[in-house]
RNA sequence: GGGCGCAUAGCUCAGUGGUAGAGCGUCGCAUUUACACUGCGAAGGCCCAAGGUUCAAAUCCUUGUGCGCCCACCA
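In UniProt numbering, the protein residues as written are 1 to 730.
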């Protein structure tokens, strides 16, 4: 039963099965009196994903904490779940469809969503199974998916609540639009590509020259902007000029966003087709004229250029400016253009109707929560990015023009409904814009709508239309922001909210943690957790970011399958000191050796069983004639236990592990075990040595357990104790 | 562009005012008695550069150089 080299491949699945059967991952089943809770919310992995190093990092720290607090008598709940991850998931399923030569429009919304559910059933559980292999002791009986019916109810209620509060509104926003995919993209979905083009200098008036890489958008210009401090242009501010070609009058305005040193220092402002310009437009209440449509073609507003591709229009416009003597210069220019992460197509900023959530009050609350230390962000230096983000926040665009997600509970009066945005009526009959025989829906707008949980029986506006549900779905983060309470049943919320901790990568801090904090405060009146633990990023050994597309990713399962979860966890914790980690796989070797060392030392100790086992260190103090070696190891064992407690509670897991490693390997094995061999031969010290060996081993297994749960539990099963180690009192 | 951080042994990193440490690797020796996923020992470092503070600096300050991460994104 105690084979010579420890074989994690045999032991780990067996041990995990035992834990599952025990039911102890579920706080309701834990033995003994437990008054205090310890609760961790798992960062929701996407259903598209499989385990990567980031997940390993996200989850080892919580597992250490959960295991530690479980042994310390807390009611521990680690809430697991998966995220529907709207855009990413829709993307992978669309890619699958593409292999069959189909697009989502060929299936239609309903069929497509069915297809995504099929995908979810097939692949959605993979990552959770992999987390189990890592030893994650989450309460799987409470696993939730962010599109589960109960969760969806919570999301809907939250939306209705915000709407009643007057915090949700419809508005215009220039979004990053991919003309090929027919969808708007979040900033995260953009990739950047270097492009060689020209910077054209266009004379808008004598002495007022603007520089642009996109002359075709000038048809939609509604201002020229300069920096207020720029003396060259101070006399122009407030004046009006005539825009070339369209001959429209536009104002010259001053805005501090303008860089005086770039180009000519004067910028054409096209709110419809540039995200920054849109913001300038908002500040100065400029008109938004859309000259490029959802297909990436010039719109009706573009007059004679209507229907042309933007490239084509650009050439014609440049030529015309040249003819008219308006072209003041043309310099080769290299810059980065945003492209769609799926199609690689250049993105086209266009104005669209979107839904917004007011951030004013919510941001204030989230700021205060951290400023008053109700939530602590660790390490502390990340607080700054949190404060910066919330301090400069704009209202949150919560609508997304995709199908997979929580559809908005908004119902439009069909008679009032305008489909798509701006000027697109021009291609109403274009076949390429039909789905299911109907026109594709891009953006919807109507003043006549109601927000309700279910479809109204009668339209309150026209009294006879069947109302149409808003096509948009919610931003994925809107639903995941509710995770700490929407992930729990109502009874559980009473018992288990608020919790203690989330652990994630730094880019999630604002996207998710901040939003969980204000959602918790707004809906439950309490912060959802006390600590946000930000861990470093795992880089390649060369110091580069791990990424699937670059082929630099490392699959933790590779190590788990080969060397065991304990060795893998050891490597992660060993290296997770403070900053980003250049992944060094020799640390896995160290972990594997360490697990084996623990195993073999235990074999030695168990071959020398004492007649009975004293319960604790105090019991040992009764023994007379302790040798100096005995005293030393007892003191060291007691001290390392204290240190481990301290380091776990301050989240310095690497220090804890390194201390334990040193103690166990050197103090216990190299020194004491070797000395004990002689002491065991001597009748006078034999029994007490056995006692000490056994006690130090037991204590070591306990303190090591949060870090290397499998091997310690396996050894524990060979001890006389009946309890599993995971619920043994620390 | 803004923020954060890192530069210490061949590699990956601890150390944060007072004679340089670990893991992995390398070399030598040892071993029938827990473990070769072992033990004992050794080699290997002007602690990025320059300046400053100090009795004393890898450690604090300034500047520079190189590298990375996150966020924003430039007409």
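Each residue gets a CB set at the ideal place from its N, CA and C atoms; glycine is no exception.
Is residue i helix, strand or coil by DSSP?
i, result
"residue 696", "helix"
"residue 520", "helix"
"residue 146", "coil"
"residue 81", "strand"
"residue 455", "coil"
"residue 55", "helix"
"residue 184", "strand"
"residue 64", "helix"
"residue 279", "helix"
"residue 582", "strand"
"residue 327", "strand"
"residue 225", "strand"
"residue 290", "coil"
"residue 314", "helix"
"residue 46", "strand"
"residue 446", "coil"
"residue 301", "helix"
Taking buried to mean at least 16 other C-beta atoms within 10 Å of its own C-beta, is residue i buried or exposed?
i, result
"residue 468", "buried"
"residue 161", "exposed"
"residue 415", "exposed"
"residue 322", "exposed"
"residue 257", "exposed"
"residue 211", "buried"
"residue 462", "exposed"
"residue 596", "buried"
"residue 293", "buried"
"residue 319", "exposed"
"residue 10", "exposed"
"residue 690", "buried"
"residue 699", "buried"
"residue 504", "buried"
"residue 601", "buried"
"residue 149", "exposed"
"residue 556", "buried"
"residue 733", "One cannot answer for residue 733 here, as it falls past the ends of the chain, which runs 1 to 730."
Residue i to residue j, Cα distance in whole Å?
i, j, result
"residue 473", "residue 406", "5 Å"
"residue 152", "residue 390", "27 Å"
"residue 119", "residue 536", "32 Å"
"residue 719", "residue 694", "9 Å"
"residue 225", "residue 382", "35 Å"
"residue 412", "residue 327", "48 Å"
"residue 361", "residue 647", "37 Å"
"residue 484", "residue 672", "47 Å"
"residue 749", "residue 449", "No information on residue 749 is available, as it lies outside the stretch 1 to 730 that the chain covers here."
"residue 134", "residue 572", "11 Å"
"residue 678", "residue 685", "9 Å"
"residue 243", "residue 249", "6 Å"
"residue 358", "residue 481", "15 Å"
"residue 569", "residue 591", "8 Å"
"residue 282", "residue 260", "21 Å"
"residue 311", "residue 217", "11 Å"
"residue 227", "residue 253", "8 Å"
Along the chain, where does the beta strand (DSSP E) that runs through residue i open and close?
i, result
"residue 205", "190-205"
"residue 357", "348-357"
"residue 212", "208-212"
"residue 646", "Element bounds for residue 646: not the beta strand (DSSP E) but the alpha helix (DSSP H), 628-649."
What is the residue span of the alpha helix (DSSP H) that residue i lies within?
i, result
"residue 30", "Note, residue 30: premise wrong, no alpha helix (DSSP H); not H, not E."
"residue 250", "No alpha helix (DSSP H) contains residue 250, which is instead part of the beta strand (DSSP E) from 249-254."
"residue 404", "Residue 404 -> no alpha helix (DSSP H), and no H or E assigned at all."
"residue 476", "476-480"
List the DSSP bridge partners of residue i.
i, result
"residue 178", "183"
"residue 503", "533"
"residue 468", "412"
"residue 335", "195"
"residue 75", "37"
"residue 173", "352"
"residue 269", "223"
"residue 396", "357"
"residue 539", "545, 582"
"residue 557", "Paired residue(s): none; residue 557 is not in a bridge."
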